[in-house]
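Read the structure below first, then the notes.
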Amino acid sequence: MTERRVRFTEDFFDLLERLLPAERGEDGTPSVTDFLAFEVPPLRDLFAVDVVRVTLETSIPGIRAYIGAGLLVPALLIHVAVDDHDVEAFHLSFGWQ
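Here it is as structure tokens:
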């Protein structure tokens, strides 16, 4: 099975910077760096191998939604654009937002 190339857009990173602080919170709130180190690599691998199975169709052709629990965040939603060769993650939100 051929893996798809996975890319996270600038919009994705802009949203991430709005959702999480630059530094880990005293209450344990994860930082942007924590999310990039612990959440993004397994998501990248999952999307590369099996994006169609692990995401839901949306009303927009070629756009799919991943809904899941993270290691550091209780719930997350990622919208991705998918074609035969590529996955582009462009939107992110968390369950508490």
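Using our numbering, you'd call the opening residue of the sequence shown number 10 and step up by one each time.
Idealized CB from N, CA, C, for every residue including glycine.
This one's a predicted model, so the numbers in the text were calculated from it and none came from an experiment.
Within 8 Å of any Cβ in chain C, is that where the Cβ of residue i sits?
i     : result
LEU55 : Of the chains in the structure shown, none is chain C; there is only one protein chain.
Within a Cβ cutoff of 6 Å, which residues of the same chain sit near residue i, ignoring the five residues on either side of it in sequence?
i     : result
VAL82 : PHE103
Assuming residue i and residue j form a contact by the criterion Cβ under 8 Å, report the distance between their Cβ atoms to the nearest whole angstrom.
i      : j     : result
LEU65  : ARG73 : 6 Å
VAL91  : VAL15 : At roughly 10 Å, the Cβ-Cβ gap does not stay under 8 Å, so VAL91 and VAL15 are not in contact.
VAL61  : VAL89 : So it is not a contact: roughly 10 Å between Cβ atoms.
HIS100 : LEU45 : Incorrect: roughly 17 Å between the Cβ atoms, too far for contact.
Mapping the DSSP letters down to three states, classify residue i as helix, strand or coil.
i     : result
HIS94 : coil
ARG14 : strand
Thinking C-beta only, is residue j closer than 8 Å to residue i?
i     : j     : result
PHE56 : LEU80 : no
ALA78 : THR18 : no
HIS94 : ARG27 : no
Using a Cβ-Cβ cutoff of less than 7 Å, which residues in the same chain neighbour residue i once the five nearest sequence positions on both sides are dropped?
i     : result
ARG53 : VAL15
VAL63 : LEU55 and TYR75
SER40 : LEU29, PRO30, ALA31, GLU32 and ARG33
**Request:** Scan the segment 16-86 and note each continuous alpha helix (DSSP H) run of 4 residues or more that stays entirely inside, going in chain order.
**Result:** 19-28, 41-47 and 49-63
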